[in-house]
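Here's the structure, in structure tokens; my notes come after.
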Amino acid sequence: MSENKPRNSYRGRLAPTPSGYLHEGHILTFRIAWERAKGGAFVFRMDDLDPDRCTREYAQACISDIKGMGVIWNEGVEYGGSFGPYLQSAREEFYLEALYSLLKLNMIYPCFRTRKEIRSAGLVSRQENEYLYPENWSPRKNNEGLKDFPGSKNWRFRTKSGDKITFHDKKKDLVEYSVGSELSDFIVWRKNGIASYELATVVDDYRVNISEVVRGEDLLVSSARQCMLYDALGWKRPDFYHCELLTDNKGKKLSKSSRNLPRLFPSSK
Numbered sequence: 029m030s031e032n033k034p035r036n037s038y039r040g041r042l043a044p045t046p047s048g049y050l051h052e053g054h055i056l057t058f059r060i061a062w063e064r065a066k067g068g069a070f071v072f073r074m075d076d077l078d079p080d081r082c083t084r085e086y087a088q089a090c091i092s093d094i095k096g097m098g099v100i101w102n103e104g105v106e107y108g109g110s111f112g113p114y115l116q117s118a119r120e121e122f123y124l125e126a127l128y129s130l131l132k133l134n135m136i137y138p139c140f141r142t143r144k145e146i147r148s149a150g151l152v153s154r155q156e157n158e159y160l161y162p163e164n165w166s167p168r169k170n171n172e173g174l175k176d177f178p179g180s181k182n183w184r185f186r187t188k189s190g191d192k193i194t195f196h197d198k199k200k201d202l203v204e205y206s207v208g209s210e211l212s213d214f215i216v217w218r219k220n221g222i223a224s225y226e227l228a229t230v231v232d233d234y235r236v237n238i239s240e241v242v243r244g245e246d247l248l249v250s251s252a253r254q255c256m257l258y259d260a261l262g263w264k265r266p267d268f269y270h271c272e273l274l275t276d277n278k279g280k281k282l283s284k285s286s287r288n289l290p291r292l293f294p295s296s297k
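As numbered in this note's numbering, residues 29 to 297 make up the sequence shown, in order.
Next up, the structure:
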């Protein structure tokens, strides 16, 4: 929440991806999001973009587990509201509208490079376990025009090497990423016709008037990318609060697997 905003203007959200069962890290992050939203609005959006991974079974399990931990929301899934639909799978028109705006601004371009080609370039991010997209592969202008837009191809957001992306985080204070060494041109639309996580999240959080995004610190670089999209589209950024991650006994980040949340609410099976 911005420090100069009245409390009743706060709009927080939880946005699980139903591609597996929730783990304890998700639940604790959702609890923090809910607690920070008390006195304001709390929105439940289901981030079910990927039809190959997201299922009705997982979606129902998400809802059941979130209710089981005592979290209450007042807008979104099961309740509706003024900014629906609250399923990302039903919001494609909004993502296409934003994508077209980015095209007109010459901020995106079609990408035909494979993952193998990108790995072969050998540019590894200093902080993230990922390969960077070489800047010289980015065309200066988009010469594809509007024919068959977006078509069956990936689209990348254009970045500029040397730029600094900064934002203030309510948990971690100032966060900074360097373009060219820590992040690079990133996917905003996939050739299978689905918006990327970054684009869909920005569009939805903006359209639903979310004032603060609470998420795990593993998504810090995603927040940096999303700040770039907000700025390019001329939209006001939300505030951010990145929670510390829970890890297993080997120090690894928890992953979605079996439905087992005994430490949070023993009734879960």
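Note that CB positions come from ideal geometry on N, CA and C, so glycine has one too.
The beta-bridge partner set that DSSP reports for residue 194 consists of 204.
If you check the CB distance, residue 215 and residue 77 do not come in under 8 Å.
The Cβ neighbour count for residue 224, taken over all protein chains shown within 10 Å, is at least 16; the residue is labelled buried. Counting only runs that start and end inside the region 126-195, the beta strand (DSSP E) elements of at least 3 residues fall at 136-139, 182-185. Residue 100 and residue 56 have their alpha carbons spaced roughly 14 Å apart. Per the coordinates, the alpha-carbon of residue 83 lies some 29 Å from the alpha-carbon of residue 140.
Taking residue 235 as the centre and dropping the five residues before and after it, the same chain places the C-beta of 111, 122 closer than 7 Å to its C-beta, in chain order. When secondary structure is reduced to three states using DSSP, residue 105 falls in the coil class, being assigned neither helix nor strand. Residue 46 sits buried, since 16 or more C-beta atoms from the chains shown fall within 10 Å of its C-beta. In this structure, DSSP gives residue 111 a state outside helix and strand, which the three-state scheme calls coil. The DSSP-derived three-state label of residue 217 is strand. Membership of residue 69 in the beta strand (DSSP E) is indicated by the continuous run 69-72. For residue 267, the enclosing beta strand (DSSP E) begins and ends at 267-271. Under the three-state reduction of DSSP output, residue 43 falls in the coil class, being neither helix nor strand. In this structure, residue 203 sits near residue 248, with a CB-CB distance shorter than 8 Å. For residue 243, the uninterrupted beta strand (DSSP E) run begins and ends at 240-244, by DSSP.
Distance check between residue 158 and each of 94, 213, 263 places 213 closest, using alpha-carbon atoms only. The Cβ neighbour count for residue 220, taken over all protein chains shown within 10 Å, is under 16; the residue is labelled exposed. In the DSSP assignment, residue 64 falls within the alpha helix (DSSP H) that extends over 52-65.
Membership of residue 95 in the alpha helix (DSSP H) is indicated by the continuous run 84-96. In summary, residue 167 is exposed, with fewer than 16 beta-carbon neighbours lying within 10 Å of its beta-carbon over all protein chains present.
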